[in-house]
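Quick notes on the structure that follows.
4 protein chains.
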Amino acid sequence: MAQEKWVTKITKIGKGEIRMRGYDIKEIMEKLSFGGAVFLLLKGELPTEAEAKMMEAILTSSIDHGVTPPSSFASRLVISGGNPLNAAVAGGVLTIGDSHGGAIEQCARILQQWAKKEGEVKSLGESLVEDFVSKKKRIPGFGHRLHQTDPRTVKLFEIAQKLKFSGRHMDLAKAVESELEKQMSKRLPINVDGAIGAVISDMGFDWRLGKGFFIISRVPGLIAHAYEEWTTQRPMRKIAELDYEYGGAEEKKIPNG
Amino acid sequence: MAQEKWVTKITKIGKGEIRMRGYDIKEIMEKLSFGGAVFLLLKGELPTEAEAKMMEAILTSSIDHGVTPPSSFASRLVISGGNPLNAAVAGGVLTIGDSHGGAIEQCARILQQWAKKEGEVKSLGESLVEDFVSKKKRIPGFGHRLHQTDPRTVKLFEIAQKLKFSGRHMDLAKAVESELEKQMSKRLPINVDGAIGAVISDMGFDWRLGKGFFIISRVPGLIAHAYEEWTTQRPMRKIAELDYEYGGAEEKKIPNG
Amino acid sequence: MAQEKWVTKITKIGKGEIRMRGYDIKEIMEKLSFGGAVFLLLKGELPTEAEAKMMEAILTSSIDHGVTPPSSFASRLVISGGNPLNAAVAGGVLTIGDSHGGAIEQCARILQQWAKKEGEVKSLGESLVEDFVSKKKRIPGFGHRLHQTDPRTVKLFEIAQKLKFSGRHMDLAKAVESELEKQMSKRLPINVDGAIGAVISDMGFDWRLGKGFFIISRVPGLIAHAYEEWTTQRPMRKIAELDYEYGGAEEKKIPNG
Amino acid sequence: MAQEKWVTKITKIGKGEIRMRGYDIKEIMEKLSFGGAVFLLLKGELPTEAEAKMMEAILTSSIDHGVTPPSSFASRLVISGGNPLNAAVAGGVLTIGDSHGGAIEQCARILQQWAKKEGEVKSLGESLVEDFVSKKKRIPGFGHRLHQTDPRTVKLFEIAQKLKFSGRHMDLAKAVESELEKQMSKRLPINVDGAIGAVISDMGFDWRLGKGFFIISRVPGLIAHAYEEWTTQRPMRKIAELDYEYGGAEEKKIPNG
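Residue numbers (our numbering), protein chains in the order written: chain A, 1 to 257; chain B, 1001 to 1257; chain C, 2001 to 2257; chain D, 3001 to 3257.
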């Protein structure tokens, strides 16, 4: 076969050696947190301390949202049918599309496209909203079927500001939010997808990785739901037609380290 | 419908409020790392500092293993067929079964079953290996198709010892490793699946969560491969029949913090 | 690479030529029905007229079962999240496990294992049921969460008898059904999974293909549900918490050809 | 909950009764072939004899294409990792995207959009190709990575003509094929995806069902490959780096019924 070899730049594997983006896995395991390693893997370079912290906050923000999202339901349905845990996770991940979690991708794409243009953020936001409203299209990343103000957005922006990651994309997202309220006479708050889309854009990530951040974040939640279904419910029950209620731990506070 | 409500103990959702295992998501985002939040989610309690560190090391250990594992290949095939990122991740996660990554589950199950028995770890290991050898069955978590000594196992056990997580399950795993060499006259080293199986058992996790740790850890790797395929290769190329080579960053060291 | 080539026996591909199990695809398209082609593909030989008819009945029996099965729900959830049709089908197929459709595999395995033994079918059925009842295990393929008598089983057995496919496996399945009623004092009728498991066993198929027949049969149903969801409902609606009702065509009869 | 019930028009389920599109499943099993039942399910009405035959030919055409397509590979990788048959099918179905099989959807969409316009088919074909060539976009459904002339296209069009299903969409597809050769000085023959896209359009199916026909057709092939891998190869072998060869049945002919 005289064909040229195709090239991967991610990880080099040898007998007894694993090097990701040039770094020995043993050193990575010792010196980086998982969030930091994800940054290195996806960006190709070591995170600064601020970047590592921002990453942890992004990944932590969407780790679970209870049993209501389609992804939790699908994971429960798969394990309930008598399948292994990995199939349940795959089933859940499959629901994460443009209308569920996937908005990060489309929101980041739009923000990156518009933030490149010249001009004040405020007037860019005005034009962006006008453009979408005139075409009767929704802007991905704004509005939530439950939360009026998404607590994760608030906290994510607060952390981003403290860590100095708030840049042109986040400003544009905020401008869009207030323009939407003005032009639509309706509050469509930045949801957590939109917030993550803005923050990863300010951190320099390609929008095509957008859904990836949500998936990494939510997979543990899917595992928790599949495991709860597996270990506490009988197979093939009518999950969908019964109501559920929360019966877990009471409200608690994390003690200061 | 007079049917009773079914109960979830994971996350409580209200308008503008998300509480996981009793803790406010805003506080979790501020005070926990992602690894720490995964611990809280799956265990139902806050991690100690040592538990949080151990968790980071477990999750970091398996984050990527290059293009050779079936999971990387499957993710590349799915995106190459013209599908979204989440479908690529799902395709990769589907390959993670008893023979790939899934050994954590089976290894942890066996270790948890045998460690409960009375007696010295050394003699338990002897009986365990005799039992499997006599039935001509492989013990999951031992042996690797590439590594003679899995560097991730070495580092994971080193960290576990330092953090005082090495307990009866890890000792049993080591006893099994040396018994295997004695009885089979062949070195079948504890691979990273076996090592994670032992460590999570010493940390008190149910074996049924075993595959979950590998999935959480490897999903970022699948995203990296799908993204590389998406952004650098043409659709529907004959991935499988071409050789590849590593063409990424040179060897580097992580500077001391 | 001096490694030996691995062998496939299914289909030979050349420029402008496709031969499945030795037969030209053009001839297959002209002379076989889809059910007949499935038989050729999975069995490696042309079906007799009776085998082709039996195959059509098996595949037709499970083509759809409305919105209640986990598989229909999962397919709807995936497309509702904003994903392509193939992802929706995959999500639905993932729920088909040992407790949903997958019983064909386990039922066929048990029937094939017991039918090989010497003795009268009646006494084999007695021993089989005793064995499972004493171990407090359910026999896969018996009982249905909705139907007292599964109409598909009745029709499938009727067609099998007419076509002379009723053999030792089907007799054993019936013996198990009446023994279950005797020993459990409870009616656990052969469901459609059990019926297909018995018929494919009498047709000489390996039990490991069991789930395959259900999957081939049900995939069109999953497509119909995903398509209905896609074209008539809004994305991310709360599918699971709303009741549904049938609003389609009135009862009709198929005119005699 | 005072919310209105949502409506499904596909199948009505009652105790002991299953009615698809109004017809009793028992009658469907007795009087329709599987291809005919698929037609009824997706179209909502009984097929004529010609429609049933056309359906069989469409579904049969793409039933398998050997081990080279991404879908066969992915199914093998999933089962090779130690997973159940349904997960293998799901993994294969996930690869079926815009660049693999999915072209049916996009090709049918384009043909349906252009065939609605006024004018001669020949000049519509000219404009359509000009439009795509000027935008440097590929027209989905034309060209194949292996076949110069796709034998399945030839046979499908021949059968369609005989059954009188060749209409405006098929004519437009042929006009596009010859225009492509004229304007691009390169032969990009209608592949089987394009052919199916044209035929289902002439049969009155919505383009959004396009991928569905390919999925129904190919699922048996995926099962055959997963089963062959499962029963003849060892788990976790390096499928991707070894060459394969066909070692099945010799060339045969189907005897005339």
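From the three backbone atoms N, C-alpha and C, an ideal C-beta is built for every residue, glycine too. Quantities reported herein were computed from a predicted structural model and do not represent experimental measurements.
Fill in: Where residue 1341 of chain B falls: helix, strand or coil (DSSP)
Outside the displayed range of chain B (1001 to 1257) lies residue 1341 of chain B, so it cannot be described from this structure.
Practice prompt. At 4 residues or longer, and completely inside the segment 1039 to 1075 of chain B: list those alpha helix (DSSP H) runs for me, N to C.
Written response: DSSP runs (the alpha helix (DSSP H)) wholly in the segment 1039 to 1075 of chain B: 1049 to 1061.
Worksheet entry | Rounded C-alpha distance that separates residue 1061 of chain B from residue 3173 of chain D | It is roughly 53 Å from the alpha-carbon of residue 1061 of chain B to the alpha-carbon of residue 3173 of chain D.
Fill in: Sufficient close CB pairs (3 or more, under 8 Å) joining the segment 1187 to 1198 of chain B to the segment 1153 to 1166 of chain B
Short answer: they touch.
Fill in: Under 8 Å by beta carbon: chain D residues contacting residue 2261 of chain C
No statement about residue 2261 of chain C is possible, as the shown extent of chain C runs from 2001 to 2257 and does not include it.
Practice prompt. Could you name the residues of the segment 3146 to 3169 of chain D whose beta carbon sits closer than 9 Å to any beta carbon of chain C, in the order they occur along the chain?
Written response: Under the 9 Å Cβ criterion, the segment 3146 to 3169 of chain D contributes 3146, 3147, 3148, 3149, 3150, 3151, 3152, 3154, 3155, 3156, 3158 and 3159.
Fill in: Sub-8 Å separation of residue 1128 of chain B and residue 220 of chain A beta-carbons
No; because the gap between Cβ atoms is not below 8 Å, this pair is not in contact.
Practice prompt. From the DSSP output, in three-state form, read off residue 3126 of chain D for me.
Written response: Assigned with DSSP and collapsed to three states, residue 3126 of chain D falls in helix.
Discussion item. For residue 1070 of chain B, would you say it is in contact with chain C, using Cβ-to-Cβ distances shorter than 8 Å as the test?
Written reply: Cβ-Cβ to chain C under 8 Å: no for residue 1070 of chain B.
Discussion item. Determine, for residue 1084 of chain B, whether the minimum Cβ-Cβ distance to residues of chain C falls below 8 Å.
Written reply: At a cut-off of 8 Å between C-beta atoms, residue 1084 of chain B counts as an interface residue with respect to chain C.
Practice prompt. Could you name the residues of chain D that residue 74 of chain A contacts, counting a contact when the two beta carbons are closer than 9 Å?
Written response: The premise fails here: residue 74 of chain A is roughly 12 Å from chain D at the closest Cβ pair, so nothing lies under 9 Å.
Discussion item. Less than 8 Å between CB atoms is the rule here; does residue 2957 of chain D satisfy it with respect to chain B?
Written reply: Chain D is shown only over 3001 to 3257; residue 2957 of chain D falls outside these bounds and no answer can be derived.
Worksheet item: Once you ignore the five residues that flank residue 2147 of chain C on each side, which residues in its own chain have a CB closer than 8 Å to its CB?
Response: Once the five neighbours on either side are set aside, the close Cβ partners of residue 2147 of chain C are 2189 and 2191.
Worksheet item: In this structure, does DSSP put residue 1109 of chain B in helix, strand or coil?
Response: Three-state result, residue 1109 of chain B: helix.
Worksheet item: Which residues bound the alpha helix (DSSP H) around residue 3145 of chain D?
Response: No alpha helix (DSSP H) holds residue 3145 of chain D; DSSP gives it neither H nor E.
Worksheet item: Can residue 1169 of chain B and residue 1072 of chain B be called in contact, C-beta distance under 8 Å?
Response: Contact flag unset, no.
Discussion item. Checking 8 Å against the spacing of the C-beta atoms, do residue 3142 of chain D and residue 3194 of chain D come in under that value?
Written reply: Yes, the Cβ-Cβ distance between residue 3142 of chain D and residue 3194 of chain D is below 8 Å.
Worksheet item: Does any C-beta atom of chain B lie closer than 8 Å to the C-beta of residue 3080 of chain D?
Response: Chain B, which has a Cβ nearer than 8 Å to the Cβ of residue 3080 of chain D, makes this yes.
Discussion item. Under 7 Å, CB to CB, which of the residues in the segment 1236 to 1253 of chain B have a partner in chain C?
Written reply: Per Cβ criterion, the list is empty.
Worksheet item: Since residue 3092 of chain D contacts residue 3080 of chain D with CB under 8 Å, what's their CB separation in whole angstroms?
Response: Contact check for residue 3092 of chain D and residue 3080 of chain D: beta-carbon distance about 12 Å, past the 8 Å limit, so the pair fails to qualify.
Fill in: Any C-beta of chain D under 8 Å from that of residue 1064 of chain B
Residue 1064 of chain B is outside the set of residues whose beta carbon lies under 8 Å from a beta carbon in chain D.
Discussion item. So residue 3234 of chain D contacts chain C; which residues on that side make the cut at Cβ distance below 9 Å?
Written reply: In chain order: nothing, as chain C lies at least about 11 Å away.
Discussion item. Comparing C-alpha positions only, which one of D/3108, D/3033 and D/3139 sits nearest to residue 3184 of chain D?
Written reply: Among D/3108, D/3033 and D/3139, the Cα nearest to that of residue 3184 of chain D is on D/3139.
Worksheet entry | Stretch-stretch touch, CB-based, cutoff 8 Å, three pairs: the segment 2093 to 2106 of chain C with the segment 3108 to 3124 of chain D | The answer is no - the segment 3108 to 3124 of chain D does not touch the segment 2093 to 2106 of chain C, with fewer than three Cβ pairs under 8 Å.
Worksheet item: Any residues in the segment 85 to 109 of chain A with a beta carbon nearer than 9 Å to a beta carbon of chain D? Which ones, in chain order?
Response: Of all residues in the segment 85 to 109 of chain A, 86, 87, 90, 91 and 94 have a Cβ within less than 9 Å of some Cβ in chain D.
Worksheet entry | Inter-stretch contact (C-beta, 8 Å, three-pair minimum) for the segment 1049 to 1064 of chain B and the segment 1080 to 1089 of chain B | No, because fewer than three Cβ pairs between the segment 1049 to 1064 of chain B and the segment 1080 to 1089 of chain B fall closer than 8 Å, the two stretches do not touch.
Worksheet item: Residues bridged to residue 1007 of chain B by DSSP?
Response: Residue pairing by DSSP puts residue 1007 of chain B in a beta bridge opposite A/245.
Practice prompt. Compute the Euclidean distance between the alpha carbons of residue 3230 of chain D and residue 3118 of chain D, then round it to the nearest angstrom.
Written response: Put simply, the backbone Cα of residue 3230 of chain D is about 54 Å away from that of residue 3118 of chain D.
Discussion item. Between residue 2034 of chain C and chain D, is the shortest Cβ-Cβ distance under 8 Å, so that the two count as touching?
Written reply: Answer yes: the Cβ-Cβ gap between residue 2034 of chain C and chain D drops below 8 Å somewhere.
Discussion item. Taking 8 Å as the cut-off, does the segment 1244 to 1255 of chain B touch the segment 19 to 26 of chain A (at least 3 CB pairs, one atom from each stretch)?
Written reply: Yes: the two stretches touch, three or more of their Cβ pairs being nearer than 8 Å.
Discussion item. Whole angstroms are fine: how far does the CA of residue 2149 of chain C sit from the CA of residue 1166 of chain B?
Written reply: Between the alpha carbons of residue 1166 of chain B and residue 2149 of chain C lies a gap of roughly 56 Å.
Practice prompt. Note down, in chain order, every chain D residue with its Cβ under 8 Å from the Cβ of residue 2185 of chain C.
Written response: Neighbours of residue 2185 of chain C on chain D: none; closest Cβ ~21 Å, over 8 Å.
Discussion item. Is the beta carbon of residue 55 of chain A closer than 8 Å to that of residue 2145 of chain C?
Written reply: Judged by beta-carbon spacing, residue 55 of chain A lies beyond the 8 Å limit of residue 2145 of chain C, meaning their Cβ atoms are not closer than that value.
Worksheet item: Using a beta-carbon distance below 8 Å, is residue 3077 of chain D in contact with chain E?
Response: Annotation note: the requested chain E is absent from the structure, which comprises protein chains A, B, C and D.
Worksheet item: Given a threshold of 16 other Cβ atoms within 10 Å of its Cβ, counted over all protein chains shown, does residue 2048 of chain C qualify as buried or as exposed?
Response: Exposed.
Worksheet item: Which residues mark the beginning and the end of the beta strand (DSSP E) in which residue 2017 of chain C is found?
Response: In this chain, the beta strand (DSSP E) harbouring residue 2017 of chain C covers 2017 to 2020.
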